[in-house]
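In what follows, a structure is listed as structure tokens, so that the remarks can point back to it.
Protein chains in written order, with the working numbering: chain C, 833 to 1045; chain U, 586 to 891.
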């Protein structure tokens, strides 16, 4: 486990992605999986080919160089994701944040987010950071089923549930896109460090886009 | 294609191989057999390479009709094994001829039996693996994460062996014994109060009936856990301690990232033993060093050609 920062920042996901790529090139098949977190990178290594001490030795120069690297002039991909803001919790979120429903939608869709990590479920991208005025704790009781495509918020994060799953976040709307398909290359359109904007659409456009998927 | 026809699927019979690795950065769970020890032996008895697709049969109650002449092996949980009513030994390979019924009864001890066939069961891989991940709807016979259902055909090629073979009895665990599971402390262990770490090892825990292929949940006097802020990648065997103080040990169908503080990791080979424990089983934990665990795991991998 490489802990790379105390706190996440806007540049960190892209820098962690770049580091992961370098490590993959350097160590190849000795590594089974590299899993970036908000502030970390977990290396799953193949014990038949290496061990943690050998890896640590090889990693030291890479990490030293990475720490000295200048911030990336990021040409990060921008995704504009259509959202039909009609989530089950929209009213409740507005009430809890002392805002109108329109203000919630405006605040949420006016911000640009970064993919900070991908996990929890296939293609589930944690996007940060949510505007301060929309920050709420997770729901006290998680839902046992959240519909696929649900756009949700919790604490300083927002995300879309790619599959039907349990979930404790507040549901703001629905996205017509499939965010994870095992047979597509790549399976997940969002990558670490990518920029994301949400575009409010009406029900008709949501249905049109979904039927085109 | 011929194979073994499913007459009775049992409550939860799943196709598994060596696991779906290489996609954890996209949140894809590794899945794979919960009991690597039994699965590895079942394949080895038939000369199959590591990770050859086999069946994980939870609780037993499986009935198959052979449509091909081949050999199979059953390892893991103790279930009655019969071919047309004739008993066959566990932890062994034996012949099945076309037209014969192969039955596994309900488990008598242990939870999961592994049924391997010579050459392995054939199915299309999803993201490089046929392992069934129900929650993610990936893998399995039809690629959508489904468990076995009546009428399914487990495709396999004909095969024959000259001789029977069995696993030496010293490698056949007694699932009735109370397991003592080995733990490598680490992760956020330094953030726990020393007495809480000691309490984890001193207390007796019970396996909760809420446990599943994703995680083994422990019940006992609550531990006091520190707080951790940012979600990180997690590994199989990770021992999470959520705010309620009841530890969760991550199993094969685990998520790829977690936010709960980690006390350490279960010895990878003891995950196999844990996977065979029934609900309410009493469990105890003892510490093991990382290097001892690694040496043992390396020997295990070498022996099974992984």
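Where a beta carbon is used, it is the ideal one built from N, C-alpha and C, also for glycine. The structure displayed is predicted, hence computed values, not measured ones.
As a quick exercise: from the options, pick the residue whose alpha carbon is nearest that of residue i.
i                       : options                           : result
residue 872 of chain C  : C:945, C:950, C:910 and C:926     : C:950
residue 923 of chain C  : C:955, C:1003 and C:1045          : C:1003
residue 963 of chain C  : C:918, C:1006, C:933 and C:945    : C:945
residue 1048 of chain C : C:1036, C:1027, C:1034 and C:1045 : No statement about residue 1048 of chain C is possible, as the shown extent of chain C runs from 833 to 1045 and does not include it.
residue 818 of chain U  : C:917, C:1025 and C:868           : C:868
residue 918 of chain C  : C:1038, C:1042, C:1043 and C:1044 : C:1038
residue 697 of chain U  : U:871, U:786, U:858 and U:866     : U:858
residue 769 of chain U  : U:815, U:687 and U:847            : U:847
residue 772 of chain U  : U:683, U:642 and U:845            : U:845
residue 915 of chain C  : C:855, C:1005, C:1044 and C:1020  : C:1005
residue 735 of chain U  : U:589, U:890, U:889 and U:785     : U:589
residue 997 of chain C  : C:1012, C:977 and C:1008          : C:977
residue 887 of chain U  : C:937, C:1009 and C:878           : C:878
residue 745 of chain U  : U:682, U:700 and U:862            : U:682
residue 716 of chain U  : U:601, U:791 and U:737            : U:601
residue 803 of chain U  : U:793, U:820 and U:591            : U:793
residue 890 of chain U  : U:622, U:646 and U:647            : U:622
residue 693 of chain U  : U:703, U:718, U:849 and U:663     : U:663
residue 856 of chain C  : C:887, C:838, C:840 and C:954     : C:887
residue 687 of chain U  : U:673, U:695 and U:668            : U:668
residue 790 of chain U  : U:849, U:865, U:729 and U:816     : U:865
residue 904 of chain C  : C:988, C:1040, C:1041 and C:850   : C:850
residue 937 of chain C  : C:990, C:973, C:894 and C:889     : C:990
Roughly how many angstroms separate the alpha carbons of residue i and residue j, rounded to a whole number?
i                       : j                       : result
residue 870 of chain C  : residue 712 of chain U  : 25 Å
residue 968 of chain C  : residue 986 of chain C  : 6 Å
residue 935 of chain C  : residue 1032 of chain C : 12 Å
residue 907 of chain C  : residue 980 of chain C  : 30 Å
residue 844 of chain C  : residue 721 of chain U  : 28 Å
residue 640 of chain U  : residue 982 of chain C  : 34 Å
residue 685 of chain U  : residue 839 of chain U  : 37 Å
residue 689 of chain U  : residue 651 of chain U  : 14 Å
residue 661 of chain U  : residue 910 of chain C  : 50 Å
residue 700 of chain U  : residue 811 of chain U  : 42 Å
residue 1017 of chain C : residue 1010 of chain C : 13 Å
residue 1000 of chain C : residue 975 of chain C  : 6 Å
residue 925 of chain C  : residue 704 of chain U  : 56 Å
Exposed or buried, what is residue i when buried is set at 16 or more other beta-carbons lying within 10 Å of its beta-carbon?
i                       : result
residue 586 of chain U  : exposed
residue 993 of chain C  : buried
residue 809 of chain U  : exposed
residue 611 of chain U  : buried
residue 1015 of chain C : exposed
residue 760 of chain U  : buried
residue 529 of chain U  : Because chain U in this structure spans residues 586 to 891, residue 529 of chain U falls outside the shown range and cannot be described.
residue 765 of chain U  : exposed
residue 627 of chain U  : buried
residue 1024 of chain C : buried
residue 835 of chain C  : exposed
residue 852 of chain U  : buried
residue 608 of chain U  : buried
residue 930 of chain C  : exposed
Taking only three categories from DSSP, how would you classify residue i?
i                       : result
residue 991 of chain C  : strand
residue 614 of chain U  : coil
residue 865 of chain C  : strand
residue 807 of chain U  : coil
residue 886 of chain U  : helix
residue 870 of chain U  : strand
residue 636 of chain U  : coil
residue 815 of chain U  : coil
residue 940 of chain C  : helix
residue 1043 of chain C : helix
residue 870 of chain C  : coil
residue 959 of chain C  : strand
residue 626 of chain U  : helix
residue 707 of chain U  : strand
residue 1035 of chain C : helix
residue 719 of chain U  : coil
residue 899 of chain C  : helix
residue 911 of chain C  : strand
residue 751 of chain U  : strand
residue 729 of chain U  : strand
residue 770 of chain U  : strand
residue 849 of chain C  : helix
Under the criterion of a Cβ to heavy atom distance below 7 Å, does residue i qualify as lining the ligand GTP?
i                      : result
residue 731 of chain U : This structure does not include the ligand GTP; it has no bound ligands of any sort.
Touch check for the region 882-897 of chain C and the region 821-840 of chain U: three-plus C-beta pairs under 8 Å? no
At least 3 beta-carbon pairs within less than 8 Å: the region 676-686 of chain U vs the region 745-754 of chain U: yes
Would you check if the region 649-662 of chain U and the region 627-634 of chain U touch, i.e. whether three or more CB-CB distances between them fall below 8 Å? yes
With three or more beta-carbon pairs closer than 8 Å as the criterion, would you say the region 879-886 of chain U touches the region 770-784 of chain U? no
Mind listing which residues of the region 698-714 of chain U have their C-beta closer than 9 Å to chain B's C-betas, in chain order? Absent here is chain B; the protein component of the structure consists of chains C and U.
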